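See structure below.
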Amino acid sequence: MEVTVAHLKRGQKGIIKEFSEDLIPIKLLELGCLPGNEIELVQVAPFRDPIYINVNGSHIAIRRTMALQIALDLVDEGQNL
């Protein structure tokens, strides 16, 4: 199973790997939702939609359907960078 933004737990981070479809809004790309950038799940609203994420210091709210299309590689918090 591929990990997406929608699968993250609060505070968990991942590196954007790819998009499932080419339907990602330009505004998300402008805000830094690009492959290779780190993304962190900030909060999930009641009823699991929308999802609040942090990308490049910007807090963004996205729909769950969009979050399911952003594939990630999970970041291990125990790594020394």
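Take 0 as the starting number for the sequence shown in numbering that gives the first Met the number 0 and just add one per residue. We put the beta carbon where it would ideally sit given N, CA and C, even for glycine. All values reported here derive from a predicted model rather than from experimental measurement.
Distance check for residue j and residue i, CA to CA, integer angstroms please.
i, j, result
"Ile-25", "Cys-32", "9 Å"
"Ile-50", "Ile-59", "8 Å"
"Arg-62", "Ile-23", "11 Å"
"Val-2", "Leu-71", "6 Å"
"Met-93", "Asn-36", "Residue coverage of the chain in this structure runs from 0 to 80, which leaves residue 93 outside it and unanswerable."
"Met-0", "His-6", "10 Å"
"Gly-10", "Val-74", "11 Å"
"Gly-13", "Leu-30", "16 Å"
"Gln-42", "Ile-52", "7 Å"
"Asp-21", "Asp-48", "21 Å"
"Phe-46", "Leu-40", "16 Å"
If I follow the unbroken beta strand (DSSP E) through residue i, where does it start and stop?
i, result
"Ala-60", "57 to 61"
"Leu-73", "69 to 73"
Got a sec? Which residues, its chain only, sit under 7 Å from residue i by beta carbon, not counting five neighbours each side?
i, result
"Ile-15", "Cys-32, Leu-33, Pro-34, Gly-35, Asn-36, Ile-38, Ile-69, Leu-71"
Apart from the five residues just before and just after residue i, which ones in its own chain have a Cβ nearer than 6 Å to its Cβ?
i, result
"Asn-55", "Gly-31"
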